[in-house]
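Structure first, commentary second.
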Amino acid sequence: MNAISPAVPAPIGLLAELTHRCPLRCPYCSNPLELDRRSGELDTATWQRVLSEAAELGVLHIHLSGGEPTARADIVEITGHCARLGLYSNLITSGVAGALQKLEPLADVGLDHVQLSVQAADAARAERIGGLRGAQEQKLVFGRRVVELGLPLTLNAVIHRGNIDEVQAIIDLAVELGARRLEIAHTQYYGWAYLNRAALMPTRADVALSIAAVEAARARLAGRLVIDLVVPDYYAKYPKACAGGWGRRLMNVTPAGKVLPCHAAETIPGLEFWHVTEHSLGDIWHRSPAFNAYRGTDWMPEPCRSCDRRELDWGGCRCQALALAGDAAATDPACSLSPLHARIKDLAVSEAATEVAPDYRYRVIGGAPAAARQEEPA
Amino acid sequence: MSALTPLSVPRLPRGVRMRFDPVRNSQVLLAPERTFDLDEVAVAVLELVDGQRTIGEIAGELASRYAADKAEIEADILPMLSDLASKRVLET
Ligand code: SF4
Ligand code: SF4
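Here the protein sequences come in this chain order: A and B. Just so you know, this note's numbering puts 372 at position 372 of the first sequence, and the rest follows in order with no gaps. Whatever position you read off the second sequence (first residue = 1), add 1000 for this note's numbering.
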């Protein structure tokens, strides 16, 4: 089980979390509750070395993310390095604060694609969710500029109770801005989203309406706007292949240089992560204990072990299994075949049924509430 | 966006590019959030997609290169290019 399988394919994508700093405070942020501080961030030369190693290893797409990646003073240098290596660079940005100023220099050094987040279509709502006044207008100006520069624009909206009735308006906004793609991503309950789950969980009826709106728009806008839909786990029949399967497609490098199989992997106790300052990326991909822990199917319990979907969804999400089942090696309770599934669904239904959603606990550096971690019955 | 015809002039928009992947020893088409593995035919077609040639001209070039029937090639590549256009990785 610990032997390196010769068949481990090369990773396709690398999520570079350049910094955890962000002017927004979204209550569903997938960053960990313990955010890295600026003083611990990797320097420019180290990021460039990591990117060179990624290209050599076979990575094709680099997702420049955070936090807000344009908060890094060297974002243009880092992006230019991607372009020189032939790596496809994707800037995942909130579009606020200094982002607009950096956009043209980024386009000039060869940035390939921009993914802009919007919190809602209505400005007042969007700004309540993101926790920053004046953000919406900045985002719209930024998005228009992306299109003016000829760069492909994807709009990304995380969907939850506070904006689920706006899915149609968000689709209209994407068309109006000239986006080529739109991601309607129902909240995944990790990190801050797990903490805020009771405030975010939509009802099943609203989920169904939102999916219908996407399907109708897809037909209407074929050839103009591609809409990718991430459906909510708790109401699904089968889980998603988390990150395309553990250690199969993606690597995630944190601001401080730790390399994770998925962005929430640090919530799993006992996993040993390797660091880019101590190992090469190739070494980490093939040999680090964390990447091998849940790679393939050998680690699987029943019902996954004998299930014919095991190489489709790879047993779902390990972090969700830990959070909901108390065991990272359990079948993801989002799966209808999990013995815990009924309980999870009931929980979602009861949270969504509260008349007034609880207040958000906004994302803040150094502000992770002490007793707020996994408090689910196991 | 209207359907593609032999007179359409396709091009890869900014943010979509073909490159050789030495690790997997194949050509790939890189696009926002996705990678398309390309077979030999797709590579031959996309190498001629330059924003100048019409689809008919592309078919003509391939027909003479492979000594094949132009109409047949056109009928093969139109759906392939239309599919890429519907995914918004090809424009006219
Ligand atoms: S989800 Fe919101 S708070 Fe988190 S990094 Fe993105 S924009 Fe910032
Ligand atoms: S039992 Fe496991 S492999 Fe089968 S569908 Fe559920 S999570 Fe996937």
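Backbone N, C-alpha and C fix where the C-beta goes; we use that ideal spot for every residue, glycine too. Predicted model, so just to flag it, every value in this text is computed and none were measured.
Cβ pair residue i, residue j closer than 8 angstroms
{"i": "residue 20 of chain A", "j": "residue 80 of chain A", "result": "no"}
{"i": "residue 379 of chain A", "j": "residue 38 of chain A", "result": "Nothing about residue 379 of chain A can be reported from this structure: the residues present for chain A run from 1 to 378 only."}
{"i": "residue 1049 of chain B", "j": "residue 1017 of chain B", "result": "no"}
{"i": "residue 251 of chain A", "j": "residue 351 of chain A", "result": "no"}
{"i": "residue 188 of chain A", "j": "residue 156 of chain A", "result": "no"}
{"i": "residue 207 of chain A", "j": "residue 239 of chain A", "result": "no"}
{"i": "residue 380 of chain A", "j": "residue 357 of chain A", "result": "Since the first and last residues shown for chain A are 1 and 378, residue 380 of chain A lies out of range."}
{"i": "residue 301 of chain A", "j": "residue 330 of chain A", "result": "yes"}
{"i": "residue 1019 of chain B", "j": "residue 58 of chain A", "result": "no"}
{"i": "residue 1032 of chain B", "j": "residue 180 of chain A", "result": "yes"}
{"i": "residue 380 of chain A", "j": "residue 110 of chain A", "result": "As displayed, chain A neither begins before 1 nor continues past 378, which places residue 380 of chain A out of reach and without an answer."}
{"i": "residue 11 of chain A", "j": "residue 249 of chain A", "result": "yes"}
{"i": "residue 53 of chain A", "j": "residue 282 of chain A", "result": "yes"}
{"i": "residue 319 of chain A", "j": "residue 267 of chain A", "result": "yes"}
Residue environment, residue i, which counts as buried when at least 16 other CB atoms sit within 10 Å
{"i": "residue 132 of chain A", "result": "buried"}
{"i": "residue 1083 of chain B", "result": "exposed"}
{"i": "residue 277 of chain A", "result": "exposed"}
{"i": "residue 1015 of chain B", "result": "buried"}
{"i": "residue 390 of chain A", "result": "Residue 390 of chain A lies beyond the range of chain A shown here (1 to 378); nothing can be said about it."}
{"i": "residue 1068 of chain B", "result": "exposed"}
{"i": "residue 1062 of chain B", "result": "buried"}
{"i": "residue 220 of chain A", "result": "exposed"}
{"i": "residue 177 of chain A", "result": "buried"}
{"i": "residue 336 of chain A", "result": "exposed"}
{"i": "residue 306 of chain A", "result": "exposed"}
Beta bridge counterpart(s) of residue i as assigned by DSSP
{"i": "residue 258 of chain A", "result": "A/275"}
{"i": "residue 142 of chain A", "result": "For residue 142 of chain A, which the question treats as bridged, DSSP gives no partner whatsoever."}
{"i": "residue 1027 of chain B", "result": "B/1020"}
{"i": "residue 118 of chain A", "result": "A/157"}
{"i": "residue 460 of chain A", "result": "Residue 460 of chain A is absent from the model: chain A starts at 1 and stops at 378."}
{"i": "residue 251 of chain A", "result": "A/14"}
{"i": "residue 186 of chain A", "result": "A/159"}
{"i": "residue 1035 of chain B", "result": "B/1030"}
{"i": "residue 181 of chain A", "result": "A/154, A/226"}
{"i": "residue 113 of chain A", "result": "A/90"}
{"i": "residue 1091 of chain B", "result": "B/1011"}
(message) Considering only heavy atoms of ligand 2 and the C-beta of each residue, which residues fall inside 6 angstroms, strictly closer?
(response) A/238, A/239, A/303, A/304, A/307, A/309, A/310, A/313, A/315, A/316, A/331, A/332, A/335, A/337
(request) Could you name the residues of the region 27-55 of chain A whose beta carbon sits closer than 7 angstroms to any beta carbon of chain B, in the order they occur along the chain? (result) When C-beta distances to chain B are compared with 7 angstroms, every residue of the region 27-55 of chain A stays at or above that value.
(request) Return the residues of the region 1024-1049 of chain B that lie within a Cβ-Cβ distance of less than 9 angstroms from chain A, sorted by chain order. (result) 1024, 1028, 1030, 1031, 1032, 1033, 1034, 1035
(request) Taking a Cβ distance cut-off of 8 angstroms, strictly less, list which residues of the region 93-113 of chain A are near chain B, in chain order. (result) 112, 113
(message) Taking beta-carbon pairs under 7 angstroms, can you tell me which members of the region 1066-1086 of chain B lie near chain A?
(response) 1085, 1086
(request) Below 8 angstroms between beta carbons is the criterion; list the residues of the region 1010-1021 of chain B that meet it against any residue of chain A, in chain order. (result) Within the region 1010-1021 of chain B, the residues whose Cβ lies closer than 8 angstroms to some Cβ of chain A are 1013, 1014, 1015, 1016, 1017, 1019, 1021, listed in chain order.
(message) Which residues of the region 167-185 of chain A have a Cβ closer than 7 angstroms to any Cβ of chain B? Give them in chain order.
(response) The region 167-185 of chain A vs chain B, Cβ under 7 angstroms: 180, 181.
(request) Using a Cβ-Cβ cut-off of less than 7 angstroms, give me the residues of the region 66-82 of chain A that come near chain B, in sequence order. (result) none
(message) For the region 210-237 of chain A, list every residue whose C-beta sits within 7 angstroms of some C-beta in chain B, in sequence order.
(response) 222, 223, 224, 226
(request) Give the residues from the region 149-167 of chain A that approach chain B closer than 8 angstroms (Cβ to any Cβ), ordered along the chain. (result) 150, 151, 152, 154
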